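Worksheet for the structure shown next.
Residue numbers (the numbering used here), protein chains in the order written: chain L, 1 to 313; chain S, 1 to 415.
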């Protein structure tokens, strides 16, 4: 790439032809469509979102004038906002940590040669390929306080005394509901991170391991000193994509608890949707806050890719 | 490079040609045709009794009688109906006609046709619900189907628990629920989850001379009576006499459980009848209905609920087609077919007269309708209802008053 630019530059210098405006605009023909797409699909909605956050809008979508910072003030005054923000942090952290640690082990396992490996790798796709909404509904049914299959199993094992009790109503109390939703979220996130890490593992050249073996490094030492550092690029990419996915995750919470009781199992994403029903401006303000948080993750991501380059060079 | 570009260009040209041909060969709609989009709530419990079927029959019959008008039906699950219709309105994608919940907000914003514009004989609509369907003294919502609530109890479980008669007071209800809970069943089913919490809440409020509004139409959600009611409900839940965590349990789920014979008592609706039949666990002798229990005795008034049709103006060009379709839909035979399918009650006077001859079992529900208590009819109600559905479950707990205060504030803030 850099070679061809140098050649072009050389050509331009030797000929010294005046560059017309038309010629300057010529690249637009190639860049234009992509640029237009980014402007229309990415930037414009952001502008609209921010604009909406500063407007006073009736529940049925009629714009009643400017609201200044009022929507943000109302949002801040929501008694549930702080618990929801804290819950969102816990939601993202536990799921991402859980997913990444399990995926590290799974990827290692799938990188070994064993009979049926191909079938096992295919099977791992299932939770990823299935609609998250469907998975969430299946779990919701399984956890039904009266006749959920998970409860029936626990009952048959003697771990659950009676149906229709607080103990069997997993999704009825905020804490146990959150635990189950986190389990479901980890379950559906594992395939992607495992495949990302598996690809990373396969990219590590075997001669490094051979050298380590010659030097007499044990299995654990090899893993900590060779596998983990060389896996870092794949790990960081998987980690950050996971973080954004989990942060924006809507269907699991919506299908399993609808954020209830009250807002006690809502994250900022589901809360934003619930606000939209009656308070569009305030919901847009919540979107802006969410957007800011995602941007924050993206900046970390970009910094991380820089680390990757440094690590690679 | 250049050759591949040319190939691409050729491919592009042929694609355009193919598209053009497809467009030409597609049937061209006649200019005079009108398409009506009708959005309806789905009252069914599955594909067999989906409301789409019922409406498609009307749409087909109507199209046969009026070949220039095509009716497109979209049915939305009852739980999501309000949200989806409101989203359509927020996005300015107005349906032409809706059937389900109606909110006076749409009338306030001038989005709806007056009933007198879209119906030849509005006087046939059940007068008990005129006020509920009106805004500023003008009627916009057309009662389509109605229902009233009753107290359902499982006679089989009552016999097992040694209870002679259904409860008449809250204290009796609590004692009886405790006895049924001891059998390992749900004593009293209390659906305070998002689906229909506003109905269950109001029925309890009524039992203590409370309600959402006073006689003058002022919101009184956090009145002392209502707080006391929530305190009693909390006591009932804490004693374990209801299903666990009522704030997260929806009516549909509890109705199914009642039909399975797992619930001793609950405030039900006529739609429970077909659910009981389908489940095939309870015979007609196994369950009964009676007046809803109040604090010191059965309440004299029940809750009357009505679902409306409403016609959106849109660009104002479809008035004639809308009127034709609405007149067509409100024929007695369609009213009866709907109410037989779902065990609901008619929304028209002539429909009710015809229906009571066919199904005498529903007659008591019908006589209760005219003096039934109704939901508020003002424009704050849409938001109040949404908030009740979301948070009333949290009023079951140490501090019911603060939750009721929050909802009252929403009501006073208005829209």
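Backbone N, C-alpha and C define an ideal beta-carbon position, used for all residues, glycine too.
Computed from a prediction, not measured in an experiment: that's the story for all the values here.
Check your understanding: Is the number of C-beta pairs between the stretch 106 to 113 of chain S and the stretch 307 to 318 of chain S that are closer than 8 Å three or more?
Key -> yes
**Study point:** Which of helix, strand or coil DSSP assigns to residue 36 of chain S
**Key:** strand
**Study point:** Same chain, Cβ closer than 7 Å to residue 226 of chain L, neighbours up to 5 away in sequence not counted
**Key:** 208, 209, 212
Review point. Hey, which unbroken runs of the alpha helix (DSSP H) at 4 residues or more fall wholly within the stretch 236 to 319 of chain S?
Key: 251 to 259, 272 to 279
Check your understanding: Should residue 229 of chain L be labelled buried (16 or more other beta-carbon atoms within 10 Å of its own) or exposed?
Key -> exposed
**Study point:** residue 139 of chain S - partner residues in DSSP beta bridges
**Key:** S/134
Check your understanding: Could you give the distance in angstroms between the alpha-carbon of residue 237 of chain L and the alpha-carbon of residue 42 of chain L?
Key -> 22 Å
Point to revise | Neighbour list for residue 173 of chain L in chain S, Cβ cutoff strictly below 7 Å | key: 245
Practice item. Check the Cβ-Cβ distances between residue 196 of chain S and every residue of chain L, and say whether any is below 8 Å. Key: no
Review point. What beta strand (DSSP E) runs, 3 residues minimum, are completely inside the stretch 26 to 109 of chain S?
Key: 34 to 42, 69 to 77, 97 to 100
Point to revise | Those residues which DSSP pairs with residue 125 of chain L across a bridge | key: None, per the DSSP bridge assignment.
Point to revise | Among S/96, S/79, S/57, the one whose alpha carbon lies nearest that of residue 317 of chain S | key: S/96
Practice item. Report yes or no: is there a C-beta of chain L within less than 8 Å of the C-beta of residue 101 of chain S? Key: no
Practice item. Output the distance between the C-alpha atoms of residue 281 of chain S and residue 260 of chain S, rounded to the nearest integer angstrom. Key: 6 Å
Practice item. Return helix, strand or coil for residue 65 of chain L, following the three-state DSSP convention. Key: strand
Point to revise | Proximity winner among S/54, S/72, S/370, S/133, relative to residue 102 of chain S (alpha-carbon distances) | key: S/133
**Study point:** Listed by chain order, chain L residues near residue 184 of chain S by CB distance under 9 Å
**Key:** 162, 163, 164
**Study point:** Three-way DSSP call (helix, strand, coil) for residue 19 of chain L in this model
**Key:** coil
Exercise for review: Taking 8 Å as the cut-off, decide whether the C-beta atoms of residue 346 of chain S and residue 352 of chain S are in contact.
Suggested key: yes
Review point. Taking just the CA atoms, how far does residue 154 of chain S sit from residue 258 of chain S?
Key: 8 Å
Exercise for review: Would you decide whether residue 133 of chain L is buried or exposed? Buried here means 16 or more other CB atoms lie within 10 Å of its CB.
Suggested key: exposed
Practice item. Say whether chain L places a C-beta atom closer than 8 Å to the C-beta of residue 189 of chain S. Key: no
Check your understanding: Buried or exposed: where does residue 38 of chain L fall if 16 or more other Cβ atoms within 10 Å of its Cβ makes it buried?
Key -> exposed
Check your understanding: Which residues in the same chain have their Cβ closer than 7 Å to the Cβ of residue 84 of chain L, if we skip the five residues on either side of it in sequence?
Key -> 263, 266, 267, 268, 271
Check your understanding: Of the residues that make up the stretch 85 to 99 of chain S, which ones have a beta carbon closer than 9 Å to any beta carbon in chain L?
Key -> 86, 87, 89, 90, 91, 92
Check your understanding: Which residues in the same chain have their Cβ closer than 6 Å to the Cβ of residue 98 of chain L, if we skip the five residues on either side of it in sequence?
Key -> 186
Exercise for review: Could you tell me which residues DSSP pairs with residue 213 of chain S in its beta bridges?
Suggested key: S/219
Review point. Going by the CB atoms, is the gap between residue 126 of chain S and residue 367 of chain S shorter than 8 Å?
Key: no
Check your understanding: Can you find a C-beta in chain L that's less than 8 Å from the C-beta of residue 21 of chain S?
Key -> Since pLDDT at residue 21 of chain S reaches only 42, below the 50 mark, its modelled position is unreliable, and the value read off the structure follows with that caveat. No, because no Cβ of chain L sits closer than 8 Å to the Cβ of residue 21 of chain S.
Check your understanding: Are the CB atoms of residue 118 of chain S and residue 323 of chain S nearer to each other than 8 Å?
Key -> yes
**Study point:** Beta-carbon proximity list for residue 400 of chain S, same chain, < 7 Å, skipping 5 on both sides
**Key:** 227, 230, 231, 234
Review point. Cα-Cα, which of S/54, S/50, S/128, S/145 is closest to residue 355 of chain S?
Key: S/145
Review point. At which residues does the beta strand (DSSP E) containing residue 57 of chain L begin and terminate?
Key: 55 to 57
Practice item. Go through its chain and collect everything with a Cβ distance to residue 30 of chain S's Cβ below 8 Å, but skip five positions before and after it. Key: Caution applies to residue 30 of chain S, whose pLDDT of 48 falls short of 50 and renders its modelled position unreliable; the value that the coordinates give is listed next. Result list for residue 30 of chain S: 68, in chain order.
Check your understanding: Applying the criterion that 16 or more other CB atoms from any shown protein chain within 10 Å of the CB defines a buried residue, is residue 153 of chain L buried or exposed?
Key -> exposed
Practice item. Just the C-alpha distance for residue 100 of chain S and residue 306 of chain L, rounded to the nearest angstrom, thanks. Key: 56 Å
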